[in-house]
Structures are given as structure tokens and as C-alpha cells.
Amino acid sequence: MLEQCPEEAVRLLLDTAPPGDSSGLEMWEMMLSTPLAVDLVLVQLFKQLQQRKQKMLFCTLMEDTSCLALLASIYLPGEHFARTYEFWRFLRHQSQDMLSVALSGIATLSGIPEMGRKMKVLLPDLLEVLEQGNEHVQLKALRVCRNVLRELRREEVIPMAVELLDKLLPLFDNELFSELREISISLFTELLKKVAGKCKRQMKKRVRRGLLPLFFHMSDDTRSVAEASSQALLAAAELLKWQQLQDLVKTEQTWRIGECLLLQDRTRADDYLDQSQGYLDNAQDTLRMEAIRFIGLAARGQSQQKLSEMMSTLYPLEHDCTPSIRCLATQTISILSTLRVKAERRRTKRPWCC
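Per this note's numbering, residue 2 is the first one in the sequence shown, and the count goes up by one each step.
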């Protein structure tokens, strides 16, 4: 219907899809799923909205949605560019549903190289959306970021790389959407490859923060996420120039990676421990198992107080619903208990040594 009668199709949807109507939103997203459909919809949408001149919120939002999509158009006249951008600035503070529909059109258009490059201007606001939007909005914003990133030169990417990493890292652990985990990790890999050779200290600091989550997600229940994590960990090792870690990832010696992380950067042992404890209540059994193993591995050389804290975090897992996790938690607590006794003995002997 859209191809044969675009004017009627857009008019019908404007008349029958009120704000917040889920069916109407799905239809708008479907109509914005291909570049040809986006062009047809936008032309008619502008014509009809200009004719109606209604002051309704929905009309305003849909006008902003169409302007946002046209921001990427190679046919957009220069004199309208600033006004269109202001529409986008307004839209991003509106409902998540409408923002989701708008990003559907943007994601479609950003797949066209000429348009993807022009969308560089949207990146600062998209980064904000990644932090504040719901999962559906975040996923679409990531797709746009990925398409835009592929069209930019390295010197254009470097200034925004640190901020983008800050927004990507929290998405690695999204428990609801495996696709959100996968695309955020894949974009992490593409970003590291894009800035390779021009990495600054702040960039490397963020990359190190992502090592342990990537290691754990190599055991993700979703195969595509596990594979993406492996590729991302390899890219991180190459950027940091950690040859042993590169070799372990390439040869799939997963059981040795945790020890390699500790040996490579022992000063981060406390940070790694804090990160690993966040996975003890993860919904995936495999990630909880990896976290317990790593805690046991990182326990060597820790103080008596730190060992006691680690044991406390493991006690609840002795009642986990998964038998293998209960068993591993009990074994690890026993090991930590032994290490704590040794740490106490070392502490009491020190005055005599002096």
C-alpha cells in the first residue's frame, strides 16, 4: 500500500495511531524499515503535517520524528539543517516509544554510507540516549552508532572514543537482551580497531576495565555473545600489547586467562575482585561459576580482612539453586578460610621478625 498509495498510507496511519498505541508504533517502525520506505513516508509526512498545522502533541512528535530522519538525508537543503537538528534536540526528551520509532528510521538510513557519515552530528546526543534510554532505545542507538562509526576516519573517532567506551561498558552485562550485550561488545571491538596506534592513557584505562567482563562473557549462554567477547578480548589485548593474553585467546585456553589477567596487572587485583563480586547474582549459571573461580584465584596474597569479605559474599551461594555452584562455592570458601588462617599467622609473626 505504501508503494502504490503513499499519501493514503501515511494519512491513514496519522489518523489511526494515537500516542502510546503499541500497534501504531509497530506499524510506523515497519514502514521505516527500508530506505525506500523511509523516503516515501517522509515526503508524505511533511506534506500532510504542513497542511494540517495541528497543535496536538502527537502531530508535533511525528513532525520531529520526520525531521530527525531527514537530518541524514543527502538531499536536505543546508538552510534547513540547523532547524532540523533543533527538532531532534526536542524529540530526545519525549516519550521512549516515539524516540524508538524515530531511531528505527535513523538506523535504516544510517546503513547508507553517505547518510551514515552525515549523522556524525547526532553522536553526542546518541551517547546520552545510551545512558538514559530503555533497552529498546539503546539497541537502536547502538546500531546507529555502529553505522556512523564505520564511516568516520580515525582522527574523527579518537576525540569521542573515551566517552563512547564509558557508555558501552555497562551494556555488556544487560541480562534482559542478549542482542544488546552482543552489539555493545562488537562495537567495543570496532572502536578499538579504529583507534589502534593512537590510544591514550584514559582509553587504556577504560579498556582494562572491560577485560574481566569480556573474560566472563566468553562463557555467556548466548553463543554469539561469547564469540563477540572473545574477539573483543583479543582486540583489547592487541591494543594493550599483552602478548600472552593474545596467545591464550587465540588458542582458546580460557582456563588460563583469569590467571593471566592477575599476573599481567597485579595492581588491579582489588578492582578485579570488586568487579567479579557483581557477577555472583547474575542470572546465568556460567557467569556465576566464572566469578566464583576467579575469586578463588585472586585470593592469593590478600589480607585477612579482604579474605573475610570475600567469604561473606560467597556464603549465599552455598544455597544456590544450582548444585554445581553450591559445591564450588563451598570449596572456594574452604580455600579462603585456609588462606585467612595463614594470613593471620603472618601478621602475628611480624613483630618478632622486626
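All residues carry an ideal CB built from backbone N, CA and C; glycine is no exception. Because the structure is a prediction, the values reported are computed rather than measured.
Can you tell me where the alpha helix (DSSP H) with residue 159 in it begins and where it stops? Against the sequence shown, residue 159 aligns to sequence position 158. Here the alpha helix (DSSP H) through residue 159 covers 155–169.
Helix or strand or just coil, what does DSSP make of residue 242? Stepping through the sequence shown from its first residue, residue 242 is reached at position 241. DSSP places residue 242 in coil when its eight states are reduced to three.
Between the alpha carbons of residue 314 and residue 296, how many angstroms are there, rounded? Taking the sequence shown and counting its residues from 1, one reaches residue 314 at position 313. Taking the sequence shown and counting its residues from 1, one reaches residue 296 at position 295. Going from the Cα of residue 314 to the Cα of residue 296 covers about 10 angstroms.
Neighbour flag for residue 193 against chain C, beta carbons, 8 angstroms: Of the chains in the structure shown, none is chain C; there is only one protein chain.
Which runs of the alpha helix (DSSP H), 4 residues or longer, sit entirely within the stretch 167–214? Qualifying alpha helix (DSSP H) stretches, in chain order: 179–196.
Could you give the residue range of the alpha helix (DSSP H) that holds residue 112? The count along the sequence shown starts at 1 and reaches residue 112 at position 111. Careful: residue 112 lies outside any alpha helix (DSSP H) and carries neither H nor E.
Using 8 angstroms as the threshold, is the stretch 237–251 in touch with the stretch 171–186, meaning 3 or more CB pairs across them? no
Alpha carbon to alpha carbon, how far is residue 138 from residue 168? Sequence index remark: in the sequence shown, residue 138 carries index 137 (1-based). Sequence index remark: in the sequence shown, residue 168 carries index 167 (1-based). One C-alpha to the other measures close to 14 angstroms.
Under a Cβ-count criterion, where at least 16 other Cβ atoms within 10 Å of its own Cβ denotes burial, should residue 8 be classed as buried or exposed? Taking the first residue of the sequence shown as position 1, residue 8 is located at position 7. Burial call: exposed.
Does the stretch 253–262 come close enough to the stretch 186–200 that 3 or more CB-CB pairs lie under 8 angstroms? no
Could you tell me the boundaries of the alpha helix (DSSP H) in which residue 299 lies? For the purposes of this step, residue 299 is taken as residue 298 along the sequence shown, with counting starting at 1. Following the DSSP letters along the chain, one finds residue 299 inside the alpha helix (DSSP H) bounded by residues 286–299.
Report back the beta-carbon spacing between residue 163 and residue 204 to the nearest angstrom; my notes put them in contact at under 8 angstroms. Looking up residue 163 in the sequence shown gives position 162. Looking up residue 204 in the sequence shown gives position 203. Indeed, because the Cβ distance is near 6 angstroms, the residues count as touching under 8 angstroms.
Is the distance from the Cβ of residue 331 to the Cβ of residue 319 below 8 angstroms? Sequence index remark: in the sequence shown, residue 331 carries index 330 (1-based). Sequence index remark: in the sequence shown, residue 319 carries index 318 (1-based). With respect to the 8 angstroms criterion, residue 331 and residue 319 are classified as neighbours on the basis of their beta carbons.
With respect to the alpha helix (DSSP H) encompassing residue 120, which residues constitute its N-terminal and C-terminal limits? Here residue 120 corresponds to residue number 119 of the sequence shown, with the count starting at 1. No alpha helix (DSSP H) contains residue 120, which DSSP labels as neither H nor E.
Alpha carbon of residue 230 to alpha carbon of residue 241, nearest angstrom: Within the sequence shown, numbered from 1, the residue matching residue 230 stands at position 229. Within the sequence shown, numbered from 1, the residue matching residue 241 stands at position 240. C-alpha separation (whole angstroms): 16 angstroms.
Mind checking which residues open and close the alpha helix (DSSP H) that includes residue 137? One-based indexing of the sequence shown puts residue 137 at position 136. The continuous alpha helix (DSSP H) containing residue 137 extends over residues 136–152.
Count the CB pairs spanning the stretch 205–214 and the stretch 299–316 that are closer than 8 angstroms, and state whether there are at least three. no
Beta carbon of residue 220 nearer than 8 angstroms to that of residue 176: Walking along the sequence shown from the start, residue 220 turns up at place 219. Walking along the sequence shown from the start, residue 176 turns up at place 175. Not a contact, by the Cβ cut-off of 8 angstroms.
Looking at the structure shown, is residue 281 part of a helix, part of a strand, or coil, going by DSSP? Translated into positions along the sequence shown, residue 281 becomes position 280. Reduced to three states, the DSSP call for residue 281 is coil.
Tell me whether residue 343 sits in a helix, a strand or coil according to DSSP, three-state version. Residue numbering aside, residue 343 sits at position 342 when the sequence shown is read from its first letter. Looking at residue 343 - three-state DSSP - the assignment turns out to be helix.
Considering only their Cβ atoms, is the gap separating residue 102 from residue 124 smaller than 8 angstroms? Position 123 of the sequence shown, counting from 1, holds the residue named residue 124. Position 101 of the sequence shown, counting from 1, holds the residue named residue 102. Not in contact: residue 124 and residue 102 (Cβ atoms no closer than 8 angstroms).
Would you report the Cα separation of residue 334 and residue 223, rounded to the nearest angstrom? Mapped onto the sequence shown, residue 334 falls at position 333. Mapped onto the sequence shown, residue 223 falls at position 222. One C-alpha to the other measures close to 29 angstroms.
Mapping DSSP to helix, strand and coil, what is residue 8? Position 7 of the sequence shown holds residue 8. Three-state result, residue 8: helix.
Between the C-alpha atoms of residue 73 and residue 288, what's the straight-line distance to the nearest angstrom? Here residue 73 is taken as the residue at index 72 of the sequence shown, counted from 1. Here residue 288 is taken as the residue at index 287 of the sequence shown, counted from 1. Since pLDDT at residue 73 reaches only 43, below the 50 mark, its modelled position is unreliable, and the value read off the structure follows with that caveat. Roughly 40 angstroms separates the two Cα atoms.
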